[in-house]
Structure formats: C-alpha cells, structure tokens
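In the working numbering, the protein residues as written are 5 to 348. We put the CB at the ideal spot given by N, CA and C, even for glycine. Remember, predicted model here, so these are calculated numbers, not experimental data. Notes to accompany the following structure.
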Ligand code: HEM
C-alpha cells in the first residue's frame, strides 16, 4: 500500500478500507504461507469473502429465508453457494499442497527448520496437530479452522484500521501526537526494526485505537444461545434456548456509560479513566469464554500498520462524511475514503 500511495504526491482520496488487501496478503503469508494475489487487484478469494459477508447480513433481515431449502432456491442463495465453494476450494488446495510436501521430510526436521527460520505457518501447526487420542485432524477440521481464522482475522482488522485512520484524519492534533510518539520510540532506528516489545510503549496510539474500536466496532453485533435461564436484574427471565443478539455498537454508545457517545475522545482510555468503568462496557472483542482469541495479535497488527503509515503519510478527511454500514463487519456506505499526503 505504501508503494501505491507514494506514487502520487498530491493529496488524493484513497479508499482506505482497501487496506483490507494488504492485511489479507499478510494473512495469506502468516497462516497459509500462500502468496495470495498481486497486491494491486483483489483476488477472487477476497471478493468471495466480501460477498459472503454481505449475503449473510442480507439474509438475516429476511426471516423467511432462514430456511435453507428456500434460501438456496433464490439468486442470493446460489451466489452464497458459489462463493462458499470458491473459499473452500481455495483452502482445500492449500491443504493438499501442504500435505504433499510434508511427508517427504521427517516431521521433527521439518518443524525444527521452520521454527529456526521463524516461518512456522498456522497451516503447518494444524497439519501436525493431534487430538488427545493421538489422532490427526481431518482435512475438513483443518479447513474449518483455517477458514475461521482467515475470516475472523483479516476483515475485522482491516475495518478497525480504516476507522482509526478516519478518526485520526478528523483529529489532526491526535494524529500528530501519535506520529510524535512513534518517532520518539524509533528515534535512530529504521521503521522496519520495530519489535513486539516496542508496541507497549505506544500508549497514546493504543488509546486512539481503542476509542475508534468503541465508536466503530469492527464486529457490530454478536449472538449467543442461552444454555440456561438467565435472570435479569429486574427479575425478568430470558429462557434457556433463546438466541440473544447483543449489540456491541449499542453497548459502546450507551450514554449512561459513555457521556457524549458520538464524540471521539481517546482520553476515555487513559488508565486513570478506565478504573471506574465496567470491563463489559467495552467489548469490541466480545467477552467470556468465546471471546476473540486473536485480540492481542489484532492490536499488535493495527499498531504496527498505523505506526508505519504515520511515519510516511498524513491522512486528511475527504469531502463526504462516511455512513456506517453494519454487515457482519462494520463498513462504510460506498467505502471509506480519505486523502493521503506523503510526508517530506
Ligand atoms: C480488530 C480486529 C478484531 C476484532 C474486532 C475481532 C472481534 C471478534 C469478536 C467480537 C469475536 C466473537 C464473535 C462472536 O462471539 O460471535 C471474535 C472471535 C474470534 N476471533 Fe476475532 N477479532 C479481531 C481480529 C482477530 C484476529 C487477528 C484473529 C486471528 C488471529 C481472530 C480470531 C478469532 C477467532 C478464531 C474467533 C472465534 C473464537 C471462538 O469462537 O472461540 N480475530 N473476534
């Protein structure tokens, strides 16, 4: 993305939610060791993921289409099937390819070589995993895990990143403070030398990311099926078996907990100000036993991408104000556009 932005010196508007493309590219490498695509154009895989996300949200709003039989008779149902097949075929191909290469080497040698070069991929971990009875995962299990990670991992982070960039564009004073924090941290070091341990030093940048996740949570709603009767504080009961939809977006805009909820104020996440707040007031990564297992990674990824971007570019708002478009992942109607100016 940096290369693409560097090519234009003037402040041009860019669709920043397309940072999706490099994050997926990164994911492809991290998890599947697969160079997904020419960075310049979204691959069919990305297009299929986006289509699936839009189709699932659309289906949620059409009660009678909850019945699979009816849904698959519709045009959308057929598109859904096609996109699912494409995503599954893609992951299957990667698994088969990997399976072919694995047995040719001793597993221990293979793991050692990979661990040494720090390139042990998620797909390798899955392929080599065994359950408590020593049984390997089936291809279907591996595909399910890989698809879950790919789906949960890249689109959410791309949404999170684009909305932080939007808020920093709207608040140049916060943007400048973040940039100074990164410059101060790296001092005489090259940007590529940024280390995992450095990230904890980016305190203000972290506050800015969290405030953005509050105002624009990438996963705007989650669902849970009650496994037992739940008694609410006022005595009413949600019976066992009921599926509850929990609005993360709504929780983050509750004016009782968040005064002036629409105002972007990173200082809400100053350690001094979080003491009095319930941990359940801020749930971008959900909560409880099925919360996001990738949250530490997601925060690290967002900090690194933002730090590197802020060192090289200034972001400015575009003329049109984006409107939230909640799908499975929170997007902007017509995409999120910002003007980007290379520094120096
Ligand atoms: C800003 C980025 C992210 C956000 C906002 C986010 C948010 C969430 C949320 C809200 C859930 C719970 C969904 C539910 O209850 O229905 C979830 C689950 C999950 N996330 Fe993330 N996520 C992010 C990034 C990631 C990353 C980078 C990974 C992988 C490394 C990841 C892996 C997962 C997985 C595997 C689950 C399912 C966990 C389970 O069902 O037990 N997520 N995420």
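Going straight from the alpha carbon of residue i to that of residue j, what length do you get?
| i | j | result |
| --- | --- | --- |
| residue 315 | residue 301 | 21 Å |
| residue 113 | residue 120 | 10 Å |
| residue 243 | residue 56 | 31 Å |
| residue 93 | residue 73 | 23 Å |
| residue 340 | residue 161 | 14 Å |
| residue 169 | residue 202 | 21 Å |
| residue 255 | residue 105 | 48 Å |
| residue 274 | residue 211 | 7 Å |
| residue 325 | residue 317 | 21 Å |
| residue 165 | residue 143 | 33 Å |
| residue 232 | residue 323 | 50 Å |
| residue 336 | residue 103 | 40 Å |
| residue 41 | residue 296 | Caution applies to residue 41, whose pLDDT of 46 falls short of 50 and renders its modelled position unreliable; the value that the coordinates give is listed next. Using only the alpha carbons, I get a separation of about 27 Å. |
| residue 81 | residue 65 | 14 Å |
| residue 229 | residue 348 | 54 Å |
| residue 6 | residue 343 | Since pLDDT at residue 6 reaches only 44, below the 50 mark, its modelled position is unreliable, and no value is offered. |
| residue 252 | residue 157 | 18 Å |
| residue 338 | residue 177 | 27 Å |
| residue 265 | residue 50 | 33 Å |
| residue 268 | residue 135 | 46 Å |
| residue 79 | residue 185 | 51 Å |
| residue 2 | residue 200 | This structure gives no information on residue 2, because the portion of the chain shown stretches from 5 to 348. |
Measuring CB to CB, does residue i end up less than 9 Å from residue j?
| i | j | result |
| --- | --- | --- |
| residue 180 | residue 272 | no |
| residue 173 | residue 320 | yes |
| residue 198 | residue 146 | no |
| residue 222 | residue 163 | yes |
| residue 182 | residue 206 | yes |
| residue 52 | residue 90 | yes |
| residue 303 | residue 213 | yes |
| residue 86 | residue 75 | no |
| residue 298 | residue 153 | yes |
| residue 360 | residue 167 | Outside the shown range of the chain, which is 5 to 348, sits residue 360, and nothing can be said about it. |
| residue 190 | residue 307 | no |
| residue 59 | residue 84 | yes |
Is residue i close to chain D? Criterion is C-beta to C-beta, closer than 9 Å.
| i | result |
| --- | --- |
| residue 59 | The structure shown contains no chain D, having only a single protein chain. |
Can you give the beta carbon distance from residue i to residue j, rounded, assuming they're within the 8 Å contact cut?
| i | j | result |
| --- | --- | --- |
| residue 241 | residue 247 | Incorrect: roughly 15 Å between the Cβ atoms, too far for contact. |
On the three-pair Cβ rule with 8 Å, is the region 128 to 145 touching the region 284 to 293?
Contact fails: fewer than three Cβ-Cβ distances are below 8 Å.
State whether the region 187 to 195 contacts the region 329 to 342, with contact taken as three or more CB pairs (one from each stretch) at a distance under 8 Å.
No: fewer than three Cβ pairs fall under 8 Å.
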